[in-house]
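K.L.:
In this note's numbering, the protein residues as written are 249 to 469.
Here it is, the structure, as structure tokens.
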Amino acid sequence: MEQRIRTVGILGAGRVGTALAREALKAGYEVRIATAKPVEEIELIVEIITPGAIAVAAADAAASDLVVLAVPLHRYSTLDAAALAGRVVVDAMNYWEPTDGAMPEMHAGRGTSEVVQDFLSGSSVVKTLNHIGYHDLESDGRPAGTPDRRALAVAGDDESARAVVLGFVEALGYDAVDAGPLAAGRAFEPGTEIFAGAHDAAGLGEALGRAATGATAPAAV
């Protein structure tokens, strides 16, 4: 039976983390936000920017039903892997070398989320929410069944964890497309066709298929 999500912990209070917090609140979730700073240093900003969310310590955010990583990717190795063990963890991070710096492990022919999964070996990492801008995240959501509803891809090796995140993405107002294993997440990293555009479910499925076979997108007519 699919896990029921009540609490969402967000690690990171930047633009992506706070936009996601506002959307998760709209969807009816209890939202906990944590950063590397002490709780008392972020309480006011959380209250102002994400009213309704709760500022907590990282360990408390990690104890949520679903945890979202919305920190700069170069900080992934500072995460408390033990606290996140046994949790479904959404990787919404992207590798930006000009800001993250040189990270040789991200150039080894594997997806960035696969590297994060190796570090968080006790967690079930699922990749999604990285291929939509924070502005779009708050403007593009639509009720289920809306024509041309925007779709987001979801990849993860743990099928049950992937199902949980597929439901979460749907609750945020997007058609969730099951991309399969975590390695498929390479198809929606920066520089890919999927990352560069917005797609409905059918278009996203076709783009994932092209990525899997190495085909290119058809030229615009």
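Note that beta-carbon positions come from the ideal geometry of N, C-alpha and C, so glycine has one too.
Just the C-alpha distance for Ala-282 and Asp-348, rounded to the nearest angstrom, thanks.
P.N.:
Between Ala-282 and Asp-348, the C-alpha separation is close to 20 Å.
K.L.:
Taking the C-alpha atoms as reference points, what is the distance between Val-294 and Thr-461?
P.N.:
44 Å
K.L.:
I'd like to check one pair, Leu-420 with Gly-381: are the Cβ atoms closer than 7 Å?
P.N.:
no
K.L.:
Ala-401 bridges to which residues according to DSSP?
P.N.:
Val-425
K.L.:
Grab me the residues of Gly-428's own chain with a C-beta within less than 7 Å of its C-beta, minus the 5 sequence neighbours each way, in chain order.
P.N.:
Ala-403
K.L.:
Kindly list the residues whose CB is nearer than 8 Å to the CB of Ala-329, restricted to its own chain and excluding five residues on each side of it in sequence; keep chain order.
P.N.:
Here the set comprises Phe-367, Leu-368, Ser-369, Gly-370, Ser-371.
K.L.:
Taking Thr-376 as the reference, give the member of Gly-276, Asp-339, Ile-258, Ala-392 with the closest Cα.
P.N.:
Asp-339
K.L.:
Got a sec? Which residues, its chain only, sit under 8 Å from Asp-308 by beta carbon, not counting five neighbours each side?
P.N.:
Apart from sequence neighbours up to five positions away, the residues of its chain that approach Asp-308 with a beta-carbon distance below 8 Å are Gly-257, Arg-280, Ala-282, ordered along the chain.
K.L.:
For a quick check, are the C-beta atoms of Val-425 and Ala-401 less than 7 Å apart?
P.N.:
yes
K.L.:
When you compare the CB positions of Arg-410 and Gly-359, do they come within less than 7 Å of one another, or not?
P.N.:
no
K.L.:
State the Cα-Cα distance for the pair Leu-456 and Pro-438, rounded to the nearest angstrom.
P.N.:
14 Å
K.L.:
Just to confirm before moving on: does the CB-CB distance between Gly-260 and Val-319 stay below 7 Å?
P.N.:
yes
K.L.:
Rounded to a whole number of angstroms, what is the C-alpha to C-alpha distance between Ala-450 and Pro-286?
P.N.:
44 Å
K.L.:
Output the boundary residues of the beta strand (DSSP E) element that contains Ile-258.
P.N.:
255-259
K.L.:
Suppose the cutoff is 7 Å on Cβ atoms and the five residues either side in sequence are ignored; what does the same chain contact list for Met-351 look like?
P.N.:
Apart from the 5 residues on each side of it in sequence, Met-351 sits with its Cβ closer than 7 Å to the Cβ of His-322, Tyr-343 in its chain, given in chain order.
K.L.:
Would you list the residues sitting across from Ser-371 in a DSSP beta bridge?
P.N.:
Ser-371 pairs with nothing; no bridge assigned.
K.L.:
Within a Cβ cutoff of 6 Å, which residues of the same chain sit near Thr-298, ignoring the five residues on either side of it in sequence?
P.N.:
Thr-266, Ala-269, Arg-270
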